[in-house]
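Heads up: the sequence shown is residues 390 to 973, going by my numbering. Comments concern the structure below.
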Amino acid sequence: MDTQASSFSSFQSYLRALVHTPGRLARRAGSVSTPYEELSRVRARSGSDMQRSLRWFDLVGLGIGGMLGAGVFVTTGKASRLHAGPGIVISYAIAGFCALLSAFCYTEFAVHMPLAGGAFSYLRVTFGEFAAFLTGANLIMEYVMSNAAVARSFTSYLGAAIGISTAKWRFTVPGLPKGFDEIDVVACTVVLIITLIICYSTKQSSVVNMILTALHILFIGFVIFMGFWRGDWNNFTHPANPDNPSGFFPHGPSGVFNGAAAVYLSYIGYDAVSTMAEEVRDPVKDIPVGVSGSVIIVTILYCLMAASMSKLLPYDMIDVEAPFSAAFSGRSDGWEWVSRVIGVGASFGILTSLLVAMLGQARYMCVIGRSSVVPAWLARVHHKTSTPVNASAFLGIFTAAIALFTDLSVLLNLVSIGTLFVFYMVANAVIYRRYVVVGTTKPWSTLSFLCLLSLTSIIFTLLWHFAPPGKPKAFVLGTCVVIAISILQIFRCMVPQARKPDFWGVPFMPWLPSISIFLNIFLMGSLGGPSYVRFGFFSALAVLVYVLYSVHASFDAEVDGSFGQNNGEIRKESAESEHPSHKV
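Shown next as structure tokens:
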């Protein structure tokens with residue numbers, strides 16, 4: 390049988406493929422898959438199926454473990470001291486509401502399309518291959534970098550908990566560049582052990598997570614108890630320095646919202662639960678409870694922790710870097726041991742968040758491999774363990790190598806924008822899927838609405854952060870809100886929904902996803918310039934990889950019939966200079 394040669398069968402073949410890059414880009418970049426294709430033909434590229442062994446309580450545990458890391462022990466102090474004061478409790482409630490809105494968007498897709506690909510799969514069936522690859526590549530890079538940094542922070546927290554300096558856990562290699570010369574064997578070992586666990590069994594990984602999460606919650610409960618017991622209610626309204634603003638909202642409503650933006654990153658982690666959808670026994674019942682339930686429980690715990698800290702110390706005495714442990718360290722009344730207990734609890738939180746994140750990154754990579762935009766061997770699921778062993782081992786070793794050599798204390802602050810961008814894209818995708826059916830309804834009204842909503846949100850965010858305070862600023866911000874609500878209401882009245890979800894859907898469409906779009910843009914605006922530099926750099930790198938490799942591998946898979954198109958038609962098109970007039 391006549392077959393089309395692979396773009397990578399020889400150097401000459403690759404050069405010929407590069408000549409046809411514009412045509413292949415036009416054909417593949419916007420190619421949209423279908424849920425049926427993803428659930429059948431594409432999933433079959435992994436060989437064995439993942440075992441459906443998880444229930445709702447497993448997902449709740451994984452969600453709590455993924456979110457309830459060490460971040461809350463750091464972000465709370467900064468947000469309270471610099472922005473919200475005792476109103477940090479409300480800030481956490483607002484941030485939890487934002488997380489819940491994004492969780493609703495993830496849940497609708499995960500129930501309808503229970504696959505391990507998470508946001509990558511959702512965007513691939515909505516906006517096409519290139520949009521999915523760009524967001525997926527950024528997400529994978531953030532997972533790897535943040536996991537390596539978190540693993541190194543485990544060494545610091547563990548050393549503080551048992552009273553051993555971090556310098557004794559690491560050793561310096563002369564001759565290596567600054568920032569790459571401190572070897573952290575403990576961090577590397579932790580990553581490799583977790584890699585072995587997630588390769589062995591997803592269910593056993595869930596059990597390990599349950600145990601560690603339960604221990605972590607016990608420590609958090611202890612912190613909450615100590616704060617309410619040893620604290621003073623006057624600290625909610627009276628600062629230590631009378632010259633500082635007083636009251637429950639010392640910096641006003643703007644301080645509360647800025648605090649919410651600062652603490653929102655403590656909620657990142659629930660998105661990894663959506664990547665477990667392919668291993669859930671009953672997706673329709675278990676996923677909504679697992680994802681939303683974990684966000685609600687974590688929100689309650691965060692609000693209680695914030696309240697206990699505010700009761701323990703006046704907001705202007707809270708340590709920015711380590712608010713909880715610093716509140717007890719160096720005390721002469723016999724309570725300094727509490728700071729070490731907090732260090733132990735934070736160590737458990739690091740392990741759970743690392744475990745869940747590494748489960749998520751492997752499943753993202755597995756499904757990206759199924760789509761042929763990265764080597765297909767990453768998509769293989771082991772027939773005995775029913776886990777994506779290749780993707781887990783590859784990313785685990787890569788993460789361990791970075792954790793071994795690289796000091797990522799700075800980079801850890803640069804790994805938030807990609808996740809927020811993915812949340813933003815998924816919220817857009819939920820609205821688009823509800824109002825547009827390819828080949829039946831025209832997309833321009835929905836796309837125009839999404840663009841106008843995003844533009845209004847960007848203008849509001851820029852004014853919020855850069856306009857001088859005063860009545861004109863409040864008037865313009867209010868005008869932006871009125872315009873956004875008007876655009877939303879006009880769209881809701883004039884454009885009917887093209888499809889209804891069969892099992893579970895985001896309520897109050899399109900209001901809740903639209904609010905999620907606005908909030909994610911607002912939170913992205915709270916990040917510093919280096920975050921955008923990193924995002925731009927890795928996005929450019931992802932585009933380069935897509936142009937030089939992924940689009941050609943994807944086209945080859947299309948020629949081979951992996952995406953369900955007629956092979957004879959494709960070969961004819963290939964012989965005619967790859968005319969880009971059809972899409973999958």
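C-beta atoms are modelled at their ideal positions from N, C-alpha and C, and glycine is treated no differently.
According to DSSP, residues forming a beta bridge with residue i
i, result
"T561", "E571"
"G436", "V770"
"V669", "L443"
Residue of the options minimising C-alpha distance to residue i
i, options, result
"Q750", "Y546, V730, V762 and N779", "N779"
"S635", "P885, S699 and S920", "S699"
"V827", "H640, V421 and F794", "V421"
"S480", "S429, Y821 and I689", "I689"
"A873", "R888, P899, E426 and K889", "P899"
"A765", "T774, F783 and K773", "F783"
"T835", "L748, C882 and E426", "C882"
"I609", "V730, I587, L428 and L585", "V730"
"D632", "Q593, D705, V575 and L842", "D705"
"A550", "V756, A735 and D621", "A735"
"S429", "S399, V756 and F637", "V756"
"R444", "V596, M534, H472 and T829", "V596"
"M747", "G918, H941 and I583", "I583"
"V811", "L404, H472 and R513", "R513"
"V652", "G474, S590, L839 and A603", "G474"
"A526", "V948, A946, S939 and D949", "S939"
"L743", "S399, T602, V727 and P672", "T602"
"C692", "S590, I483, I820 and W833", "I483"
"A468", "V574, G648 and L489", "G648"
"R619", "F737, V727 and I586", "V727"
"S875", "W893, S903 and K862", "S903"
"S554", "T561, T544, D891 and V948", "T544"
Rounded C-alpha distance that separates residue i from residue j
i, j, result
"F944", "T410", "10 Å"
"G485", "F646", "12 Å"
"C577", "Y546", "15 Å"
"L612", "N817", "One point to set straight first is that residue 612 is Val, not Leu, in the sequence displayed. If I take the Cα positions, the gap works out to 39 Å."
"A792", "F446", "31 Å"
"A499", "G476", "35 Å"
"N624", "F617", "11 Å"
"D708", "N909", "28 Å"
"S846", "H640", "23 Å"
"S655", "S510", "25 Å"
"G548", "V579", "14 Å"
"L523", "A931", "6 Å"
"M694", "P424", "41 Å"
"F924", "I806", "7 Å"
"V799", "T464", "Below a pLDDT of 50, predicted positions are generally treated as unreliable, and V799, at 46, falls in that range; the measurement from the model is reported next regardless. Straight-line Cα distance between these residues: approximately 15 Å."
"L448", "Y495", "14 Å"
"I685", "P677", "12 Å"
"A556", "I572", "10 Å"
"Y824", "V533", "35 Å"
"I848", "S837", "16 Å"
"F637", "L866", "24 Å"
"F864", "S643", "15 Å"
"C588", "K773", "10 Å"
"W893", "H501", "8 Å"
"S398", "A929", "27 Å"
"P919", "P566", "21 Å"
"H941", "S396", "6 Å"
Beta-carbon proximity list for residue i, same chain, < 8 Å, skipping 5 on both sides
i, result
"V936", "T410 and L414"
"I586", "Q593, S594, V597 and L744"
"Q886", "R823, Y824 and M898"
Neighbourhood of residue i by C-beta, 6 Å cutoff - its chain only, sequence neighbours within 5 removed
i, result
"S915", "A650"
"S681", "A492"
"K592", "S442"
"K519", "Sequence inspection shows Phe at residue 519; the Lys mentioned does not correspond to that position. Here the set comprises A418."
"R822", "T515"
Cβ neighbours of residue i in the same chain (closer than 7 Å, five flanking residues each side left out)
i, result
"R759", "V431, R432, R434, S435 and A768"
"H771", "S437 and V778"
"V745", "L451, G454, G455, N598, G658 and A661"
"I529", "Q750, Y753 and M754"
"E667", "M439, P503, L504 and A505"
"A629", "P703, D705 and M706"
"I906", "Y813, A816, N817, L842, S843 and S846"
"F713", "F462, V612, M698 and I731"
"V895", "F493, C494, E497, V819, L901 and P902"
"G517", "A418, G419, S420 and V421"
TODO: Decide yes or no for the touch test of the region 898-917 against the region 846-855: beta carbon pairs closer than 8 Å, at least 3 of them.
DONE: Judged by Cβ distances under 8 Å, the region 898-917 makes contact with the region 846-855, as three or more pairs qualify.
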